[in-house]
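The opening position of the sequence shown corresponds to residue 1 in UniProt numbering, with each subsequent residue numbered one higher. For reference, the structure discussed in these notes is given below.
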Amino acid sequence: MFTGIIEEKGEVVAVEPAGDSARLSVRGPVVTSDARHGDSIAVNGVCLTVVDVAGDVFTADVMKETLDRSSLGALAEGSAVNLERAVRADQRLGGHIVQGHVDGTAVLRSREPGERWDNLRFSLPEPLSRYVAEKGSIAIDGISLTVTTVDDDGFGVSLIPTTLKLTTMGERRVGDVVNIEVDVIAKYVERLVVRP
(Lines of atoms letter the chains of each structure in order from A; the text may use other names.)
(Lines give C-alpha, C1' and ligand atoms only; values in the text may rest on other atoms or scores of the structure.)
Protein backbone atom coordinates (compact mmCIF):
# COMPACT_ATOMS: atom_id res chain seq x y z
CA MET A 1 0.00 0.00 0.00
CA PHE A 2 1.09 3.56 -0.71
CA THR A 3 -0.05 7.01 0.40
CA GLY A 4 0.35 9.05 -2.78
CA ILE A 5 2.98 11.25 -1.13
CA ILE A 6 5.83 11.14 -3.66
CA GLU A 7 9.27 10.65 -2.12
CA GLU A 8 11.30 11.72 -5.13
CA LYS A 9 11.41 12.24 -8.86
CA GLY A 10 13.42 9.45 -10.41
CA GLU A 11 14.82 8.92 -13.87
CA VAL A 12 14.41 5.93 -16.18
CA VAL A 13 17.90 4.71 -17.09
CA ALA A 14 16.88 1.72 -19.24
CA VAL A 15 13.84 0.07 -20.81
CA GLU A 16 14.46 -3.44 -22.12
CA PRO A 17 11.54 -4.86 -24.16
CA ALA A 18 11.04 -8.60 -23.66
CA GLY A 19 8.24 -9.76 -25.95
CA ASP A 20 4.97 -8.76 -24.31
CA SER A 21 6.73 -7.43 -21.19
CA ALA A 22 9.59 -5.10 -20.35
CA ARG A 23 12.33 -4.67 -17.78
CA LEU A 24 12.52 -1.16 -16.36
CA SER A 25 15.56 0.30 -14.57
CA VAL A 26 15.06 3.51 -12.60
CA ARG A 27 17.48 5.77 -10.71
CA GLY A 28 16.14 6.91 -7.34
CA PRO A 29 18.61 7.44 -4.49
CA VAL A 30 15.92 7.87 -1.82
CA VAL A 31 13.81 4.81 -2.70
CA THR A 32 16.85 2.58 -3.24
CA SER A 33 18.47 3.57 0.07
CA ASP A 34 16.87 0.57 1.79
CA ALA A 35 15.37 -1.34 -1.17
CA ARG A 36 15.78 -5.09 -1.45
CA HIS A 37 14.70 -7.77 -3.89
CA GLY A 38 10.92 -8.24 -3.54
CA ASP A 39 10.14 -4.77 -2.20
CA SER A 40 7.36 -2.68 -3.76
CA ILE A 41 8.04 0.71 -5.30
CA ALA A 42 5.37 2.76 -7.08
CA VAL A 43 6.54 4.20 -10.39
CA ASN A 44 4.09 6.86 -11.63
CA GLY A 45 1.53 5.21 -9.40
CA VAL A 46 2.13 1.64 -10.60
CA CYS A 47 3.21 -0.83 -7.92
CA LEU A 48 6.29 -2.68 -9.21
CA THR A 49 8.32 -5.40 -7.53
CA VAL A 50 12.06 -4.81 -7.22
CA VAL A 51 14.06 -7.61 -8.84
CA ASP A 52 17.50 -6.02 -8.51
CA VAL A 53 19.21 -3.05 -6.84
CA ALA A 54 22.59 -1.73 -7.97
CA GLY A 55 23.68 1.45 -6.23
CA ASP A 56 20.92 4.02 -6.69
CA VAL A 57 19.18 2.09 -9.52
CA PHE A 58 16.44 -0.52 -9.10
CA THR A 59 15.08 -2.84 -11.76
CA ALA A 60 11.55 -4.22 -12.08
CA ASP A 61 9.69 -6.39 -14.56
CA VAL A 62 6.59 -4.89 -16.15
CA MET A 63 4.05 -7.38 -17.49
CA LYS A 64 1.65 -6.98 -20.43
CA GLU A 65 -1.36 -6.21 -18.18
CA THR A 66 0.52 -3.29 -16.65
CA LEU A 67 1.76 -2.04 -20.02
CA ASP A 68 -1.81 -2.20 -21.40
CA ARG A 69 -3.49 -0.40 -18.47
CA SER A 70 -0.90 2.26 -17.70
CA SER A 71 1.39 4.77 -19.34
CA LEU A 72 4.54 2.83 -18.41
CA GLY A 73 4.83 1.44 -21.95
CA ALA A 74 5.58 4.98 -23.20
CA LEU A 75 8.55 5.48 -20.86
CA ALA A 76 12.00 5.84 -22.40
CA GLU A 77 15.52 6.37 -21.17
CA GLY A 78 15.65 9.78 -19.51
CA SER A 79 11.92 9.91 -18.61
CA ALA A 80 11.18 11.48 -15.22
CA VAL A 81 8.96 9.39 -12.94
CA ASN A 82 7.32 9.78 -9.53
CA LEU A 83 8.62 7.30 -6.95
CA GLU A 84 7.24 6.12 -3.61
CA ARG A 85 8.15 3.16 -1.44
CA ALA A 86 5.39 1.06 0.11
CA VAL A 87 4.21 2.54 3.40
CA ARG A 88 5.25 0.86 6.65
CA ALA A 89 2.57 0.07 9.23
CA ASP A 90 4.11 2.53 11.72
CA GLN A 91 4.04 5.53 9.34
CA ARG A 92 1.52 8.32 9.01
CA LEU A 93 -0.90 8.02 6.11
CA GLY A 94 -0.25 11.47 4.65
CA GLY A 95 -2.29 11.19 1.45
CA HIS A 96 -4.94 8.52 0.98
CA ILE A 97 -4.99 4.74 0.50
CA VAL A 98 -3.28 4.11 -2.83
CA GLN A 99 -2.83 0.51 -3.94
CA GLY A 100 -0.62 1.06 -6.96
CA HIS A 101 -3.20 -0.79 -9.07
CA VAL A 102 -3.84 1.66 -11.88
CA ASP A 103 -7.47 1.72 -13.09
CA GLY A 104 -6.69 3.38 -16.41
CA THR A 105 -5.23 6.45 -18.04
CA ALA A 106 -6.45 9.99 -18.61
CA VAL A 107 -5.27 12.87 -20.80
CA LEU A 108 -4.33 16.33 -19.55
CA ARG A 109 -6.84 18.59 -21.35
CA SER A 110 -5.95 22.02 -19.97
CA ARG A 111 -3.58 23.78 -17.61
CA GLU A 112 -4.27 27.21 -16.11
CA PRO A 113 -1.40 28.73 -14.14
CA GLY A 114 -2.37 30.57 -10.97
CA GLU A 115 -0.33 33.00 -8.93
CA ARG A 116 1.23 30.16 -6.91
CA TRP A 117 -0.59 27.07 -8.14
CA ASP A 118 -1.91 25.49 -11.33
CA ASN A 119 -5.40 24.23 -12.12
CA LEU A 120 -5.36 21.12 -14.32
CA ARG A 121 -8.23 19.45 -16.14
CA PHE A 122 -8.16 15.80 -17.21
CA SER A 123 -10.33 13.59 -19.37
CA LEU A 124 -12.02 10.79 -17.48
CA PRO A 125 -12.78 7.41 -19.03
CA GLU A 126 -16.53 6.82 -18.68
CA PRO A 127 -16.23 3.55 -16.71
CA LEU A 128 -14.25 5.39 -14.02
CA SER A 129 -16.39 8.52 -13.78
CA ARG A 130 -18.77 7.03 -11.20
CA TYR A 131 -15.88 6.66 -8.73
CA VAL A 132 -14.77 10.30 -8.82
CA ALA A 133 -16.40 12.87 -6.54
CA GLU A 134 -15.76 16.55 -5.92
CA LYS A 135 -13.49 16.91 -2.87
CA GLY A 136 -12.74 13.19 -3.07
CA SER A 137 -9.30 11.65 -3.51
CA ILE A 138 -7.69 10.49 -6.74
CA ALA A 139 -4.16 9.35 -7.57
CA ILE A 140 -2.64 10.80 -10.75
CA ASP A 141 0.72 9.26 -11.64
CA GLY A 142 0.82 8.10 -8.03
CA ILE A 143 0.21 11.55 -6.51
CA SER A 144 -2.60 11.80 -3.95
CA LEU A 145 -4.73 14.75 -5.04
CA THR A 146 -8.10 16.27 -4.13
CA VAL A 147 -10.66 16.52 -6.92
CA THR A 148 -11.81 20.14 -7.29
CA THR A 149 -14.43 19.71 -10.04
CA VAL A 150 -16.20 16.88 -11.84
CA ASP A 151 -18.46 16.95 -14.88
CA ASP A 152 -19.38 14.76 -17.85
CA ASP A 153 -16.11 15.56 -19.64
CA GLY A 154 -13.65 14.94 -16.83
CA PHE A 155 -12.32 16.32 -13.57
CA GLY A 156 -10.02 19.01 -12.24
CA VAL A 157 -7.32 19.28 -9.59
CA SER A 158 -5.28 22.17 -8.22
CA LEU A 159 -1.56 21.77 -7.62
CA ILE A 160 0.29 23.58 -4.85
CA PRO A 161 3.90 24.78 -5.34
CA THR A 162 5.34 21.73 -3.55
CA THR A 163 3.55 19.31 -5.89
CA LEU A 164 4.61 21.33 -8.93
CA LYS A 165 8.25 21.29 -7.82
CA LEU A 166 8.69 17.80 -6.38
CA THR A 167 6.67 15.68 -8.83
CA THR A 168 6.37 15.24 -12.58
CA MET A 169 3.09 17.19 -12.55
CA GLY A 170 5.04 20.43 -12.84
CA GLU A 171 6.33 19.22 -16.22
CA ARG A 172 3.11 17.76 -17.63
CA ARG A 173 1.79 19.38 -20.83
CA VAL A 174 -1.61 19.37 -22.49
CA GLY A 175 -2.01 16.05 -24.31
CA ASP A 176 0.15 14.06 -21.88
CA VAL A 177 -1.22 10.69 -20.74
CA VAL A 178 -1.26 10.01 -17.00
CA ASN A 179 -2.09 7.01 -14.81
CA ILE A 180 -5.30 7.18 -12.79
CA GLU A 181 -6.22 5.23 -9.67
CA VAL A 182 -9.64 6.01 -8.26
CA ASP A 183 -10.45 5.72 -4.57
CA VAL A 184 -10.62 2.01 -3.73
CA ILE A 185 -13.26 2.66 -1.05
CA ALA A 186 -15.69 3.85 -3.75
CA LYS A 187 -15.20 0.60 -5.66
CA TYR A 188 -15.88 -1.52 -2.57
CA VAL A 189 -18.99 0.50 -1.67
CA GLU A 190 -20.34 0.00 -5.19
CA ARG A 191 -19.65 -3.74 -5.00
CA LEU A 192 -21.48 -4.03 -1.68
CA VAL A 193 -24.47 -1.99 -2.84
CA VAL A 194 -24.86 -3.55 -6.30
CA ARG A 195 -24.12 -7.16 -5.39
CA PRO A 196 -27.32 -9.27 -5.14
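The C-beta atom is built at its ideal place from N, Cα and C for all residues, glycine as well. No experiment lies behind these values; they were computed from the predicted model shown.
Practice prompt. Excluding the 5 residues preceding and the 5 following Gly94 in the sequence, name in chain order all residues of the same chain whose CB lies nearer than 7 Å to its CB.
Written response: Thr3 and Ile5
Worksheet item: Got a sec? Which residues, its chain only, sit under 7 Å from Thr168 by beta carbon, not counting five neighbours each side?
Response: Lys9, Ala80, Val81, Asn82 and Asp141
Worksheet entry | Extent of the continuous alpha helix (DSSP H) to which Glu8 belongs | Here Glu8 belongs to no alpha helix (DSSP H); instead the beta strand (DSSP E) covers Glu8 to Ala18.
Practice prompt. Taking Ile97 as the reference, give the member of Leu145, Gly55 and Val178 with the closest Cα.
Written response: Leu145
Fill in: Nearest neighbour of Glu37, chosen from Val30, Asp68 and Thr59 [CA to CA]
One detail in the question is off: residue 37 reads as His in this sequence, not Glu. Residue Thr59 is the option with its Cα nearest to His37.
Worksheet entry | Close-in-space but distant-in-sequence residues of the same chain around Val107 (CB under 8 Å, 5 per side omitted) | Phe122, Ser123, Gly175, Asp176, Val177 and Val178
Worksheet item: Cβ atoms of Asn119 and Val157: under 9 Å apart, would you say?
Response: yes
Worksheet entry | Cβ shell of Leu164 (< 6 Å), same chain only, five flanking positions each side left out | Gly170
Fill in: Under 9 Å between C-beta atoms of Asp152 and Ser137
Not a contact, by the Cβ cut-off of 9 Å.
Practice prompt. Give the secondary structure of Arg23 by DSSP, where H, G and I count as helix, E and B as strand, and everything else as coil.
Written response: strand
Discussion item. With a threshold of 7 Å on Cβ separation, who are the neighbours of Thr66 within its own chain once the five nearest residues in sequence on each side are excluded?
Written reply: Val46 and Leu72
Worksheet item: In three-state DSSP terms, what is Arg111?
Response: strand
Discussion item. Please state the DSSP three-state secondary structure of Ser129.
Written reply: helix
Discussion item. I need the straight-line Cα distance from Ser40 to Val50, nearest angstrom please.
Written reply: 6 Å
Worksheet item: What did DSSP end up calling residue 198 once you bin it into helix, strand or coil?
Response: Residue 198 lies beyond the range of the chain shown here (1 to 196); nothing can be said about it.
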